[in-house]
Structures are given as C-alpha cells and as structure tokens.
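For what it's worth, the working numbering labels the leading residue of the sequence shown as 363, then goes sequentially. For reference, the structure is listed below as structure tokens.
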Amino acid sequence: MQRKKFILLARVCDEAERYDDMISLPREAINSGGKLSVDERSLLFLAFRNVVSSRRASWHIIVSVEQNESKKDRKNITTIRGCRNKLENELDKVCGDVLERLDRSLIPNDNSGELRVFYYKLKGDYGRYLAEFTSGEKCNVVVTSAKELATNSAQTELTVNHPLWLWLALNFSVFYHDALTSYEQAPESLEACA
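Structure representation (structure tokens):
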C-alpha cells in the first residue's frame, strides 16, 4: 500500500473511530525500514492511544465490579474474571505490539534527539499500561529502562522547560505512584527534573 493511501485510510478510520482498523494500516510503512513522517507517526500513536485507552477504561470498570461482587455474591466472580482476562489479553497484545514496533523499527531507524525521547517515553507508557494488570519484574524493567534512556536522551537533547521533558517527568511520576505504589518516589522523580 502506498504511504499516501495509508494516511488517507488512517484518517478515514480516525473519523469513523475505527482505531483497531487504524492500527493495522502502518505496518507496511514501519516494516519498510524508513522513518515515519509526522502524519504517519501521529496517526499511528493516535490509534494505539485510543485502542488502549478504551480497553484500560473497561478494565478498570470490570475490576471495580469484580471487587464489589466478591464482597457480596461470589457466584458471578468466574464470569467477571473471564471478562477481565479477555481484556487483559487484548491489552497485552496491543501494548506488546507497540513495544515491539518501537524496539524493532522505530527507535533504531530514527535517532533524532526529540523523537528518540518521544519513542522512549512511549515505551515507558506502554510498559506502564502492562504493569497495571501484570505482576512481575518484566514490566518494571521495561518501564525503568525506558525512563533511564528517555531521561538521558532528554538531558542532552531538550531544555528543562521543553513540553516533552515535562510530559516525560509527569508520566514517570505516575508510574511510581500508580504501578509501583512508591508514593515517596513519585514526587522525587518530579523534583529531579526541576
């Protein structure tokens, strides 16, 4: 598929809110090994953000329902857990897809400073989304290594008041607070960026 056609179809999918369809479109552009244009990059991450956001919102609702049901009537727990597990598998697949694209193509093929920071920040974000529902060291390692790489790149490539630098600091503070429940480390990570 020609890249211009990809952009057109991705925009149509965006207007129609068909984000799952939108995700599959840029594979050819990414797999071609070239750098993504600003439009291609924006559309790709718009699609992933919307797919993941809707599933994360659904997951939080189902977890809340599961907690409420476990307090009163345990007979529905198996059914609710099945729904939660299905969403977790979908989230795992989408987040894994983003992380794989970042590691295999996007980060190695585009070494410009600001863009590299952006890609590492995304790697941290999608690792954090995985950490919301998975336990274990794997997600924490992904996020903390992405944070270190992004922070190191940001320190050399961006000014301290650059919006991407501030966005990066806020996201890792959220990771410390929400995923690791490290309430002391969250504000410290923001202070370190000041």
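Beta carbons: idealized from backbone N, C-alpha and C, even for Gly.
Backbone CA spacing between residue i and residue j [nearest angstrom]
i	j	result
residue 439	residue 450	16 angstroms
residue 522	residue 403	24 angstroms
residue 469	residue 422	31 angstroms
residue 487	residue 535	11 angstroms
residue 518	residue 477	13 angstroms
residue 382	residue 413	6 angstroms
residue 530	residue 475	14 angstroms
residue 417	residue 384	16 angstroms
residue 370	residue 426	39 angstroms
residue 430	residue 436	10 angstroms
residue 462	residue 400	20 angstroms
residue 524	residue 532	13 angstroms
residue 520	residue 433	50 angstroms
Simplified DSSP assignment, three categories, for residue i
i	result
residue 435	coil
residue 479	helix
residue 456	helix
residue 419	helix
residue 429	helix
residue 402	helix
residue 408	helix
residue 509	helix
residue 382	helix
residue 413	helix
residue 535	helix
residue 523	coil
residue 441	helix
residue 517	helix
residue 467	helix
8 angstroms contact criterion, which residue i and residue j should meet: CB distance rounded
i	j	result
residue 406	residue 480	Their Cβ separation, rounded to whole angstroms, is 12 angstroms, which puts residue 406 and residue 480 out of contact at 8 angstroms.
residue 460	residue 410	5 angstroms
residue 492	residue 464	Residue 492 to residue 464, Cβ: 13 angstroms. No contact.
residue 472	residue 366	About 20 angstroms separates the two Cβ atoms, so there is no contact after all.
When the options are compared against residue i, the one with the closest alpha-carbon
i	options	result
residue 509	490, 452 and 426	490
residue 482	515, 458 and 453	515
residue 444	518, 530 and 424	424
residue 446	435, 436, 420 and 458	420
residue 428	472, 442, 417 and 456	442
residue 454	494, 431, 437 and 471	494
residue 557	399, 496, 401 and 437	The structure shown does not extend to residue 557, since the chain spans only 363 to 556, so no value can be given for it.
residue 408	433, 372 and 434	372
Neighbour flag for residue i against chain B, beta carbons, 9 angstroms
i	result
residue 494	This model lacks chain B altogether; it includes just one protein chain.
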